[in-house]
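In my numbering, the protein residues as written are 184 to 544.
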(Lines of atoms letter the chains of each structure in order from A; the text may use other names.)
(Lines give C-alpha, C1' and ligand atoms only; values in the text may rest on other atoms or scores of the structure.)
Protein backbone atom coordinates (compact mmCIF):
# COMPACT_ATOMS: atom_id res chain seq x y z
CA UNK A 184 0.00 0.00 0.00
CA UNK A 185 0.97 3.66 -0.31
CA UNK A 186 2.40 5.54 2.66
CA UNK A 187 4.66 8.49 3.48
CA UNK A 188 7.88 7.29 5.11
CA UNK A 189 10.22 9.44 7.18
CA UNK A 190 13.57 7.71 7.43
CA UNK A 191 14.76 9.86 10.31
CA UNK A 192 13.38 12.97 11.97
CA UNK A 193 15.11 16.05 10.58
CA UNK A 194 16.32 14.39 7.38
CA UNK A 195 14.67 15.97 4.36
CA UNK A 196 11.71 14.94 2.26
CA UNK A 197 9.33 12.10 2.80
CA UNK A 198 9.58 8.96 0.74
CA UNK A 199 6.23 8.30 -0.93
CA UNK A 200 6.22 4.53 -1.29
CA UNK A 201 3.87 1.79 -2.40
CA UNK A 202 5.47 -1.19 -0.65
CA UNK A 203 4.36 -0.48 2.93
CA UNK A 204 2.41 -3.01 5.00
CA UNK A 205 0.31 -2.25 8.09
CA UNK A 206 0.92 -5.02 10.64
CA UNK A 207 -1.92 -6.80 12.42
CA UNK A 208 -4.52 -6.52 13.77
CA UNK A 209 -3.99 -8.26 17.09
CA UNK A 210 -7.01 -9.44 19.05
CA UNK A 211 -7.68 -6.00 20.55
CA UNK A 212 -6.90 -3.92 17.46
CA UNK A 213 -8.65 -2.66 14.34
CA UNK A 214 -7.54 -2.06 10.79
CA UNK A 215 -8.76 1.21 9.27
CA UNK A 216 -8.71 2.22 5.62
CA UNK A 217 -7.78 5.91 5.75
CA UNK A 218 -9.96 8.02 3.49
CA UNK A 219 -8.71 11.47 4.51
CA UNK A 220 -5.83 12.72 6.65
CA UNK A 221 -4.80 16.20 7.70
CA UNK A 222 -1.41 17.87 7.26
CA UNK A 223 -0.75 19.24 10.74
CA UNK A 224 2.07 21.48 11.93
CA UNK A 225 3.10 18.73 14.37
CA UNK A 226 3.76 16.53 11.33
CA UNK A 227 5.98 19.27 9.93
CA UNK A 228 7.78 19.59 13.27
CA UNK A 229 8.51 15.86 13.27
CA UNK A 230 9.79 15.98 9.70
CA UNK A 231 12.03 18.97 10.43
CA UNK A 232 13.39 17.45 13.63
CA UNK A 233 11.88 20.05 15.93
CA UNK A 234 9.85 17.32 17.62
CA UNK A 235 11.77 14.16 18.56
CA UNK A 236 11.03 11.14 16.44
CA UNK A 237 12.53 8.32 18.47
CA UNK A 238 14.88 7.07 15.75
CA UNK A 239 14.24 4.73 12.86
CA UNK A 240 11.76 4.79 10.00
CA UNK A 241 8.31 6.13 10.69
CA UNK A 242 5.02 6.60 8.85
CA UNK A 243 3.99 10.21 9.45
CA UNK A 244 0.48 11.54 10.14
CA UNK A 245 -1.78 11.39 13.18
CA UNK A 246 -4.99 13.16 12.11
CA UNK A 247 -7.25 10.96 10.01
CA UNK A 248 -10.60 9.36 9.35
CA UNK A 249 -11.68 6.31 7.44
CA UNK A 250 -13.61 3.06 7.60
CA UNK A 251 -12.97 -0.09 9.57
CA UNK A 252 -12.01 -3.03 7.35
CA UNK A 253 -11.00 -5.63 9.95
CA UNK A 254 -11.26 -6.12 13.70
CA UNK A 255 -9.52 -8.41 16.17
CA UNK A 256 -11.34 -11.24 17.92
CA UNK A 257 -11.83 -9.26 21.15
CA UNK A 258 -13.16 -6.05 19.56
CA UNK A 259 -16.85 -5.25 19.99
CA UNK A 260 -16.93 -1.43 19.93
CA UNK A 261 -16.63 -1.14 16.14
CA UNK A 262 -17.31 -3.39 13.17
CA UNK A 263 -16.14 -3.57 9.56
CA UNK A 264 -17.80 -0.81 7.57
CA UNK A 265 -18.03 1.64 10.46
CA UNK A 266 -16.76 5.15 9.82
CA UNK A 267 -14.25 6.25 12.44
CA UNK A 268 -11.93 9.06 13.48
CA UNK A 269 -8.42 8.07 14.59
CA UNK A 270 -7.67 9.13 18.17
CA UNK A 271 -3.92 9.57 18.69
CA UNK A 272 -4.23 9.59 22.51
CA UNK A 273 -6.55 6.64 23.11
CA UNK A 274 -7.69 6.09 26.67
CA UNK A 275 -6.72 2.79 28.24
CA UNK A 276 -9.48 3.16 30.83
CA UNK A 277 -7.34 1.60 33.56
CA UNK A 278 -4.70 4.14 34.61
CA UNK A 279 -5.02 6.82 37.27
CA UNK A 280 -5.34 9.56 34.64
CA UNK A 281 -8.30 7.79 33.06
CA UNK A 282 -9.87 7.21 36.47
CA UNK A 283 -9.45 10.95 37.15
CA UNK A 284 -11.24 11.71 33.86
CA UNK A 285 -8.08 13.20 32.39
CA UNK A 286 -7.97 10.82 29.45
CA UNK A 287 -5.92 13.30 27.39
CA UNK A 288 -3.02 12.51 29.75
CA UNK A 289 -3.32 8.72 29.42
CA UNK A 290 0.03 7.08 28.70
CA UNK A 291 -1.35 3.55 28.51
CA UNK A 292 -0.69 3.33 24.77
CA UNK A 293 1.66 6.28 24.28
CA UNK A 294 4.38 4.41 26.20
CA UNK A 295 4.43 1.87 23.37
CA UNK A 296 5.06 4.43 20.62
CA UNK A 297 8.61 3.27 20.02
CA UNK A 298 8.35 -0.32 21.14
CA UNK A 299 5.58 -1.62 18.86
CA UNK A 300 6.16 -1.50 15.13
CA UNK A 301 2.97 -0.70 13.26
CA UNK A 302 4.32 -1.08 9.72
CA UNK A 303 6.88 -2.71 7.49
CA UNK A 304 8.58 -0.71 4.73
CA UNK A 305 10.06 -3.00 2.12
CA UNK A 306 10.23 -5.69 4.80
CA UNK A 307 11.87 -3.43 7.42
CA UNK A 308 9.88 -2.63 10.61
CA UNK A 309 8.69 0.96 11.04
CA UNK A 310 6.76 2.92 13.65
CA UNK A 311 3.65 5.02 13.20
CA UNK A 312 3.66 8.66 14.31
CA UNK A 313 1.89 8.96 17.67
CA UNK A 314 1.18 5.24 17.40
CA UNK A 315 -0.95 5.84 14.30
CA UNK A 316 0.68 6.88 11.00
CA UNK A 317 -2.32 8.18 9.09
CA UNK A 318 -0.33 9.20 5.99
CA UNK A 319 -0.90 5.63 4.86
CA UNK A 320 -3.77 3.95 3.08
CA UNK A 321 -4.34 1.69 6.08
CA UNK A 322 -3.44 1.80 9.77
CA UNK A 323 -3.79 -0.70 12.60
CA UNK A 324 -4.49 0.78 16.02
CA UNK A 325 -5.93 -0.27 19.40
CA UNK A 326 -9.72 -0.37 19.26
CA UNK A 327 -9.77 2.53 21.73
CA UNK A 328 -8.20 4.69 19.01
CA UNK A 329 -11.10 4.17 16.61
CA UNK A 330 -13.97 6.53 17.45
CA UNK A 331 -17.16 5.69 15.58
CA UNK A 332 -18.93 8.61 13.86
CA UNK A 333 -22.05 9.18 11.79
CA UNK A 334 -21.59 7.62 8.34
CA UNK A 335 -23.02 10.71 6.63
CA UNK A 336 -20.34 13.05 7.99
CA UNK A 337 -17.73 13.79 5.27
CA UNK A 338 -14.34 12.17 5.68
CA UNK A 339 -12.35 15.33 4.91
CA UNK A 340 -13.97 17.19 7.80
CA UNK A 341 -13.94 14.11 10.02
CA UNK A 342 -10.16 13.91 9.62
CA UNK A 343 -9.81 17.30 11.34
CA UNK A 344 -11.77 15.92 14.29
CA UNK A 345 -8.74 13.72 14.96
CA UNK A 346 -6.61 16.64 16.16
CA UNK A 347 -7.10 20.15 14.82
CA UNK A 348 -10.67 20.92 15.87
CA UNK A 349 -10.86 19.25 19.30
CA UNK A 350 -7.44 20.65 20.17
CA UNK A 351 -8.41 24.24 19.39
CA UNK A 352 -12.04 24.23 20.48
CA UNK A 353 -11.21 22.10 23.51
CA UNK A 354 -8.47 24.49 24.64
CA UNK A 355 -11.18 27.11 25.07
CA UNK A 356 -14.11 25.03 26.29
CA UNK A 357 -12.21 22.44 28.37
CA UNK A 358 -8.92 24.02 29.48
CA UNK A 359 -9.82 27.70 29.48
CA UNK A 360 -12.33 29.40 31.73
CA UNK A 361 -13.86 31.76 29.18
CA UNK A 362 -17.16 33.25 30.28
CA UNK A 363 -19.72 35.23 28.25
CA UNK A 364 -18.49 38.80 27.90
CA UNK A 365 -14.79 37.97 28.33
CA UNK A 366 -12.07 39.40 26.10
CA UNK A 367 -9.94 36.81 24.30
CA UNK A 368 -6.90 36.81 22.03
CA UNK A 369 -5.61 33.93 19.91
CA UNK A 370 -1.97 33.90 18.80
CA UNK A 371 -1.42 31.86 15.64
CA UNK A 372 -4.04 31.23 12.97
CA UNK A 373 -3.39 27.75 11.71
CA UNK A 374 -6.12 25.16 11.93
CA UNK A 375 -5.80 24.85 15.70
CA UNK A 376 -5.77 28.62 16.30
CA UNK A 377 -8.78 29.15 14.04
CA UNK A 378 -10.58 26.38 15.90
CA UNK A 379 -9.78 28.24 19.13
CA UNK A 380 -11.31 31.38 17.60
CA UNK A 381 -14.50 29.39 17.03
CA UNK A 382 -14.32 28.01 20.56
CA UNK A 383 -14.13 31.56 21.93
CA UNK A 384 -17.18 32.51 19.88
CA UNK A 385 -19.07 29.47 21.15
CA UNK A 386 -18.11 30.40 24.73
CA UNK A 387 -19.63 33.87 24.32
CA UNK A 388 -16.51 36.06 24.31
CA UNK A 389 -17.37 39.59 23.21
CA UNK A 390 -13.91 40.55 21.95
CA UNK A 391 -11.89 37.95 20.03
CA UNK A 392 -8.59 39.24 18.67
CA UNK A 393 -6.93 36.95 16.14
CA UNK A 394 -3.17 37.52 15.79
CA UNK A 395 -0.96 36.28 12.96
CA UNK A 396 1.73 37.86 10.75
CA UNK A 397 0.19 36.18 7.68
CA UNK A 398 -2.50 38.68 6.81
CA UNK A 399 -4.05 36.42 4.17
CA UNK A 400 -5.42 34.37 7.11
CA UNK A 401 -7.21 37.33 8.67
CA UNK A 402 -10.41 37.30 6.54
CA UNK A 403 -11.04 33.65 7.42
CA UNK A 404 -10.48 34.39 11.11
CA UNK A 405 -13.05 37.18 10.90
CA UNK A 406 -15.52 34.89 9.16
CA UNK A 407 -15.09 32.28 11.89
CA UNK A 408 -15.75 34.71 14.73
CA UNK A 409 -12.81 37.05 15.33
CA UNK A 410 -13.95 40.58 16.11
CA UNK A 411 -10.49 41.98 15.32
CA UNK A 412 -7.60 40.63 13.22
CA UNK A 413 -4.10 42.03 13.66
CA UNK A 414 -0.44 41.27 13.10
CA UNK A 415 1.82 40.69 16.13
CA UNK A 416 3.19 44.23 15.78
CA UNK A 417 -0.33 45.62 16.11
CA UNK A 418 -1.38 43.43 19.04
CA UNK A 419 -0.14 45.67 21.86
CA UNK A 420 -1.96 48.76 20.54
CA UNK A 421 -5.10 46.69 20.03
CA UNK A 422 -4.88 45.42 23.60
CA UNK A 423 -4.55 48.98 24.91
CA UNK A 424 -7.46 50.19 22.83
CA UNK A 425 -9.85 47.36 23.71
CA UNK A 426 -8.93 46.88 27.37
CA UNK A 427 -7.64 50.27 28.46
CA UNK A 428 -4.18 48.76 28.73
CA UNK A 429 -5.28 46.14 31.23
CA UNK A 430 -4.91 43.12 28.97
CA UNK A 431 -7.05 40.27 27.74
CA UNK A 432 -8.79 37.88 30.11
CA UNK A 433 -7.57 34.85 28.17
CA UNK A 434 -4.87 34.44 25.54
CA UNK A 435 -4.54 31.18 23.61
CA UNK A 436 -1.12 30.46 22.10
CA UNK A 437 -1.37 28.14 19.09
CA UNK A 438 2.16 28.35 17.68
CA UNK A 439 4.45 26.41 20.02
CA UNK A 440 7.31 28.88 20.43
CA UNK A 441 8.63 30.36 23.65
CA UNK A 442 8.60 33.80 21.99
CA UNK A 443 4.90 33.58 21.19
CA UNK A 444 4.07 32.25 24.66
CA UNK A 445 5.96 35.22 26.06
CA UNK A 446 3.99 37.54 23.78
CA UNK A 447 0.75 35.92 24.95
CA UNK A 448 1.87 36.50 28.56
CA UNK A 449 2.43 40.19 27.89
CA UNK A 450 -1.03 40.55 26.34
CA UNK A 451 -2.80 38.98 29.33
CA UNK A 452 -4.24 40.99 32.20
CA UNK A 453 -3.16 40.46 35.79
CA UNK A 454 -5.13 37.51 37.08
CA UNK A 455 -5.84 36.31 33.55
CA UNK A 456 -4.76 33.10 31.89
CA UNK A 457 -2.45 32.03 29.10
CA UNK A 458 -3.37 28.69 27.53
CA UNK A 459 -0.54 27.04 25.61
CA UNK A 460 -1.79 24.82 22.79
CA UNK A 461 1.17 24.73 20.41
CA UNK A 462 3.60 21.80 20.57
CA UNK A 463 7.06 23.31 20.92
CA UNK A 464 10.60 22.00 20.76
CA UNK A 465 12.21 20.47 23.87
CA UNK A 466 15.16 22.89 23.59
CA UNK A 467 13.07 26.08 23.53
CA UNK A 468 12.67 27.09 27.21
CA UNK A 469 10.27 29.78 28.37
CA UNK A 470 11.89 32.65 30.28
CA UNK A 471 9.52 34.00 32.93
CA UNK A 472 10.90 34.95 36.32
CA UNK A 473 9.35 33.75 39.54
CA UNK A 474 8.88 37.43 40.41
CA UNK A 475 6.75 37.98 37.31
CA UNK A 476 4.86 34.78 37.86
CA UNK A 477 3.94 35.73 41.41
CA UNK A 478 3.14 39.41 41.08
CA UNK A 479 1.45 39.32 37.68
CA UNK A 480 -0.69 36.47 39.04
CA UNK A 481 -1.34 35.22 35.54
CA UNK A 482 -1.77 31.50 35.12
CA UNK A 483 -0.15 29.46 32.37
CA UNK A 484 -2.09 26.36 31.44
CA UNK A 485 -0.94 23.71 28.99
CA UNK A 486 -3.68 22.19 26.88
CA UNK A 487 -2.77 18.77 25.52
CA UNK A 488 -5.22 17.73 22.79
CA UNK A 489 -7.58 20.44 24.09
CA UNK A 490 -8.09 18.22 27.17
CA UNK A 491 -10.48 16.34 24.90
CA UNK A 492 -12.13 13.01 25.47
CA UNK A 493 -13.03 12.15 21.89
CA UNK A 494 -15.68 9.61 22.84
CA UNK A 495 -17.40 12.34 24.83
CA UNK A 496 -16.63 15.32 22.60
CA UNK A 497 -16.92 14.12 19.00
CA UNK A 498 -20.72 13.74 18.98
CA UNK A 499 -21.02 17.31 20.30
CA UNK A 500 -18.58 18.70 17.73
CA UNK A 501 -20.31 16.90 14.88
CA UNK A 502 -23.69 18.22 16.01
CA UNK A 503 -22.26 21.76 16.17
CA UNK A 504 -20.90 21.31 12.65
CA UNK A 505 -24.17 19.95 11.28
CA UNK A 506 -26.15 22.79 12.87
CA UNK A 507 -23.84 25.43 11.38
CA UNK A 508 -22.36 26.59 14.69
CA UNK A 509 -18.91 25.12 13.97
CA UNK A 510 -17.35 25.60 10.54
CA UNK A 511 -14.91 22.80 9.83
CA UNK A 512 -15.06 22.91 6.04
CA UNK A 513 -13.64 26.43 5.83
CA UNK A 514 -10.51 25.29 7.69
CA UNK A 515 -9.55 23.15 4.71
CA UNK A 516 -7.23 25.14 2.43
CA UNK A 517 -6.86 22.37 -0.13
CA UNK A 518 -7.64 18.73 -0.76
CA UNK A 519 -4.56 17.08 -2.22
CA UNK A 520 -3.77 13.66 -3.68
CA UNK A 521 -1.21 11.45 -2.00
CA UNK A 522 1.40 12.05 -4.69
CA UNK A 523 1.42 15.79 -3.85
CA UNK A 524 2.08 15.28 -0.15
CA UNK A 525 5.59 16.74 -0.20
CA UNK A 526 4.23 19.85 -1.91
CA UNK A 527 1.60 20.12 0.83
CA UNK A 528 4.29 19.93 3.51
CA UNK A 529 6.27 22.65 1.73
CA UNK A 530 3.19 24.88 1.53
CA UNK A 531 2.60 24.46 5.26
CA UNK A 532 6.24 25.28 6.01
CA UNK A 533 5.89 28.53 4.03
CA UNK A 534 2.74 29.51 5.92
CA UNK A 535 0.63 29.33 2.77
CA UNK A 536 -1.99 26.93 4.09
CA UNK A 537 -4.28 26.59 7.09
CA UNK A 538 -5.15 22.89 6.89
CA UNK A 539 -4.59 20.68 3.88
CA UNK A 540 -6.24 17.29 3.68
CA UNK A 541 -4.82 14.34 1.79
CA UNK A 542 -7.54 12.32 0.09
CA UNK A 543 -6.92 8.63 -0.56
CA UNK A 544 -8.97 7.62 -3.59
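The C-beta atom is built at its ideal place from N, Cα and C for all residues, glycine as well.
*Thinking C-beta only, is residue 515 closer than 8 Å to residue 538?*
yes
*asked:* Could you tell me the alpha carbon to alpha carbon distance between residue 384 and residue 464, rounded to whole angstroms?
replied: 30 Å
*Between residue 461 and residue 434, is the Cβ-Cβ spacing less than 8 Å?*
no
*Check whether the Cβ atoms of residue 442 and residue 457 lie closer than 8 Å to each other.*
no
*Going straight from the alpha carbon of residue 255 to that of residue 406, what length do you get?*
44 Å
*Within its chain, find whatever has a CB closer than 6 Å to the CB of residue 219; leave out the 5 residues flanking it on each side and keep chain order.*
248, 338, 339, 342, 540, 542
*asked:* Let me make sure I understand the geometry here. Which of 512, 368, 401 has the alpha-carbon closest to that of residue 444?
replied: 368
*Take residue 371 and list the residues in its own chain whose beta-carbon comes closer than 7 Å to its own, dropping the five residues that flank it on each side.*
395, 436, 437, 438, 443, 461
*Taking Cβ positions, are residue 297 and residue 310 nearer each other than 8 Å?*
yes
*Pull up the distance between the alpha-carbon of residue 418 and that of residue 476, whole angstroms please.*
22 Å
*residue 198 bridges to which residues according to DSSP?*
188
*Between which two residues does the alpha helix (DSSP H) carrying residue 499 extend?*
493-505
_Would residue 243 and residue 226 be called neighbours here (beta carbons separated by less than 8 Å)?_
yes
*Excluding five sequence neighbours on each side, which residues of the same chain lie with their C-beta closer than 8 Å to the C-beta of residue 277?*
291
*Which of helix, strand or coil does DSSP assign to residue 266?*
strand
*In the DSSP assignment, what are the bridge partners of residue 391?*
367
*Considering only residues of the same chain and omitting the five flanking positions on each side of residue 512, which have a CB-CB separation below 7 Å?*
340
*Would you report the Cα separation of residue 496 and residue 196, rounded to the nearest angstrom?*
35 Å
*When we look at the beta-carbon of residue 399 and count the other beta-carbons within 10 Å, is it buried (16 or more) or exposed?*
exposed
*residue 217 beta carbon less than 8 Å from that of residue 350*: no
_Residues that residue 224 bridges to, as DSSP identifies them_ = The partner list for residue 224 (beta bridge, DSSP) is empty, contrary to what the question assumes.
*So, residue 261 versus residue 213, is the Cβ gap smaller than 8 Å?*
yes
*asked:* I believe residue 283 touches residue 314 by the beta-carbon criterion, under 8 Å. Please report the beta-carbon distance rounded to the nearest angstrom.
replied: Not confirmed; about 22 Å, so no contact.
*Boundaries of the alpha helix (DSSP H) in which residue 422 is found, first to last residue*: 415-426
*Where residue 488 falls, given that 16 or more other Cβ within 10 Å makes a residue buried*: buried
*Identify, in the order they occur along the chain, each residue of the same chain with its Cβ nearer than 7 Å to the Cβ of residue 451, setting aside the five sequence neighbours on each side.*
430, 431, 434, 457, 481
*Have a look at residue 305 and residue 326 and give me their C-alpha separation to the nearest angstrom.*
26 Å
*For residue 241, which of helix, strand or coil comes out of DSSP?*
strand
*asked:* Taking DSSP's pairing of strands, which residues face residue 212 in a bridge?
replied: 325
*If residue 234 sits next to residue 300, beta carbons under 8 Å apart, how far is it from one beta carbon to the other, in whole angstroms?*
That pair is no contact at about 20 Å.
*asked:* Considering only their Cβ atoms, is the gap separating residue 250 from residue 272 smaller than 8 Å?
replied: no
*For residue 482, which beta-bridge partners are listed by DSSP?*
456
*Per DSSP, which residues does residue 330 bridge with? Please list them.*
268
*Going by C-alpha distance, which of 280, 201, 281, 345 is nearest residue 498?*
345
_Cβ pair residue 246, residue 223 closer than 8 Å_ = yes
_Burial state of residue 232 (16 or more Cβ within 10 Å)_ = exposed
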